[in-house]
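**Student:** Sharing a structure here in structure tokens format.
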Amino acid sequence: MLINLLYHDITAVGRESTSGFPGPGAARYKLTPDEFRIHLDHIASVARTPPVASAEAVRSVGGPAWAITFDDGGLSAITEIADQLEHRGWRGWFFIATNYLGQPAFCSPDQIRELHRRGHIIGSHSHTHPDRISQCSWDQMVDEWGQSCRVLSGIIGQPIETASVPGGFYSRDVARAASQAGIRVLFNSEPTTSAFAVDGILVLGRYNIYRGMSAADAVALMNSPLRRWRQAAFWNLKKIAKTFAGPVYKAVRHRILAREYANDE
Numbered sequence: 145m146l147i148n149l150l151y152h153d154i155t156a157v158g159r160e161s162t163s164g165f166p167g168p169g170a171a172r173y174k175l176t177p178d179e180f181r182i183h184l185d186h187i188a189s190v191a192r193t194p195p196v197a198s199a200e201a202v203r204s205v206g207g208p209a210w211a212i213t214f215d216d217g218g219l220s221a222i223t224e225i226a227d228q229l230e231h232r233g234w235r236g237w238f239f240i241a242t243n244y245l246g247q248p249a250f251c252s253p254d255q256i257r258e259l260h261r262r263g264h265i266i267g268s269h270s271h272t273h274p275d276r277i278s279q280c281s282w283d284q285m286v287d288e289w290g291q292s293c294r295v296l297s298g299i300i301g302q303p304i305e306t307a308s309v310p311g312g313f314y315s316r317d318v319a320r321a322a323s324q325a326g327i328r329v330l331f332n333s334e335p336t337t338s339a340f341a342v343d344g345i346l347v348l349g350r351y352n353i354y355r356g357m358s359a360a361d362a363v364a365l366m367n368s369p370l371r372r373w374r375q376a377a378f379w380n381l382k383k384i385a386k387t388f389a390g391p392v393y394k395a396v397r398h399r400i401l402a403r404e405y406a407n408d409e
């Protein structure tokens with residue numbers, strides 16, 4: 145069984161816009177440096193093995209295992225996250241939205257190359273990070289994955305075989321389009337340990353980590369089926385709300401998060 149944890153950026157309170165995407169929606173998933181360090185300390189206390197850190201290892205997991213992933217390609221990947229992982233002898237999966245490379249809050253090509261040199265996995269997070277990639281046309285999906293993989297391959301000097309779905313908006317066509325770009329392992333945002341294959345791609349779920357989640361809760365996602373079930377149940381309820389409420393759900397969520405993260409720059 146493989147348990148995948150989904151993190152994003154690490155920023156100080158009030159400085160959320162210094163790494164990754166701006167706005168309250170993104171800020172919800174940005175831990176403070178202290179939160180992140182405590183999370184890793186607690187995870188290290190229960191993890192029996194280092195996190196899985198290769199496409200080959202993921203595809204051949206035969207027993208309990210885990211991986212730690214980071215979406216978007218925000219600057220904190222190189223300024224905060226990599227050092228903390230390496231201090232514990234770990235390596236992470238960094239999924240990059242390539243259209244934002246080199247922008248002020250995002251990693252540069254040289255920094256992506258440095259992460260790769262240090263042993264971290266570099267994967268695609270699409271090119272432009274569309275709001276709902278699952279609603280893009282087939283040609284757009286193919287272009288999103290293809291452009292991103294070509295850019296990243298040119299940076300690290302090897303094929304890109306892993307990716308994560310932007311915004312978690314997965315569909316079978318999203319996976320099929322990723323396959324066209326050579327992706328072999330695709331992470332989405334559904335909190336599940338189940339895996340399945342689509343056109344030769346292994347599709348895996350992940351458990352979301354957000355600001356304010358205690359280190360004990362993060363650890364529980366690794367060793368408590370009940371805690372994993374609770375996140376899955378909430379995620380499925382939210383999925384129903386998104387489907388039926390549409391723009392209303394999005395507007396209400398934005399207002400709530402805007403109040404909660406009023407200090408975001």
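End of the sequence shown sits at 409 in this note's numbering; the numbers just go up one at a time, nothing left out. Quick reminder that beta carbons are idealized off the backbone N, C-alpha and C, glycines included. Nothing here was measured: the structure is a model prediction, and the numbers come from that model.
Can you list, in chain order, the residues of its chain whose CB lies under 8 Å from that of residue 240, leaving out five sequence neighbours each side?
**Tutor:** Against the sequence shown, residue 240 aligns to sequence position 96. Hits under 8 Å: 216, 217, 251, 256, 266, 267, 268, 269, 292, 296.
**Student:** Report yes or no: do the region 295 to 311 and the region 328 to 338 share at least 3 C-beta pairs separated by less than 8 Å?
**Tutor:** Taking 8 Å as the limit for Cβ pairs, the verdict is that the region 328 to 338 does touch the region 295 to 311.
**Student:** Near residue 300, what residues of its chain come up, given a Cβ to Cβ distance below 8 Å and the 5 sequence neighbours on each side ignored?
**Tutor:** Here the question's residue 300 lines up with position 156 in the sequence shown. Taken in chain order, the residues that qualify are 256, 257, 260, 266.
**Student:** Quick check: what's the CA-CA separation for residue 169 versus residue 152?
**Tutor:** For the purposes of this step, residue 169 is taken as the residue at position 25 of the sequence shown. For the purposes of this step, residue 152 is taken as the residue at position 8 of the sequence shown. If I take the Cα positions, the gap works out to 12 Å.
**Student:** Please classify residue 290: does DSSP put it in a helix, a strand, or coil?
**Tutor:** Translated into positions along the sequence shown, residue 290 becomes position 146. DSSP places residue 290 in helix when its eight states are reduced to three.
**Student:** If we ignore side chains and look at the alpha-carbon of each, how far apart do residue 274 and residue 360 end up?
**Tutor:** By one-based count along the sequence shown, residue 274 stands at place 130. By one-based count along the sequence shown, residue 360 stands at place 216. Cα to Cα, the separation comes out at about 33 Å.
**Student:** Excluding five sequence neighbours on each side, which residues of the same chain lie with their C-beta closer than 7 Å to the C-beta of residue 233?
**Tutor:** To locate residue 233, count along the sequence shown from 1; it is residue 89. So the list reads 194, once near-sequence residues are dropped.
**Student:** Tell me the DSSP secondary structure of residue 170 in three-state form.
**Tutor:** Along the sequence shown, read from residue 1 onward, the residue named residue 170 stands at position 26. DSSP places residue 170 in helix when its eight states are reduced to three.
**Student:** Pull up the distance between the alpha-carbon of residue 154 and that of residue 179, whole angstroms please.
**Tutor:** Residue mapping note: residue 154 aligns to position 10 of the sequence shown, counting from 1. Residue mapping note: residue 179 aligns to position 35 of the sequence shown, counting from 1. Approximately 9 Å between the Cα atoms of the pair.
**Student:** Between residue 396 and the rest of its own chain, which residues show a CB-CB distance below 7 Å, the 5 nearest in sequence each way excluded?
**Tutor:** Numbered from 1 along the sequence shown, position 252 holds the residue referred to as residue 396. Only weak support exists for where residue 396 lies, its pLDDT of 48 falling under 50; the value from the coordinates is given anyway. Answer for residue 396: no residue qualifies.
**Student:** Within 10 angstroms of its Cβ, does residue 157 collect 16 or more other Cβ (buried), or is it exposed?
**Tutor:** Indexing the sequence shown from 1 puts residue 157 at position 13. With fewer than 16 other Cβ atoms within 10 Å, it is exposed.
**Student:** Does DSSP classify residue 381 as helix, strand or coil?
**Tutor:** Stepping through the sequence shown from its first residue, residue 381 is reached at position 237. Three-state result, residue 381: helix.
**Student:** Would you mind working out which of 222, 335, 213, 190 sits nearest residue 198, comparing C-alpha positions?
**Tutor:** For the purposes of this step, residue 198 is identified with residue 54 of the sequence shown, where counting begins at 1. If we check each option's Cα against that of residue 198, 213 comes out closest.
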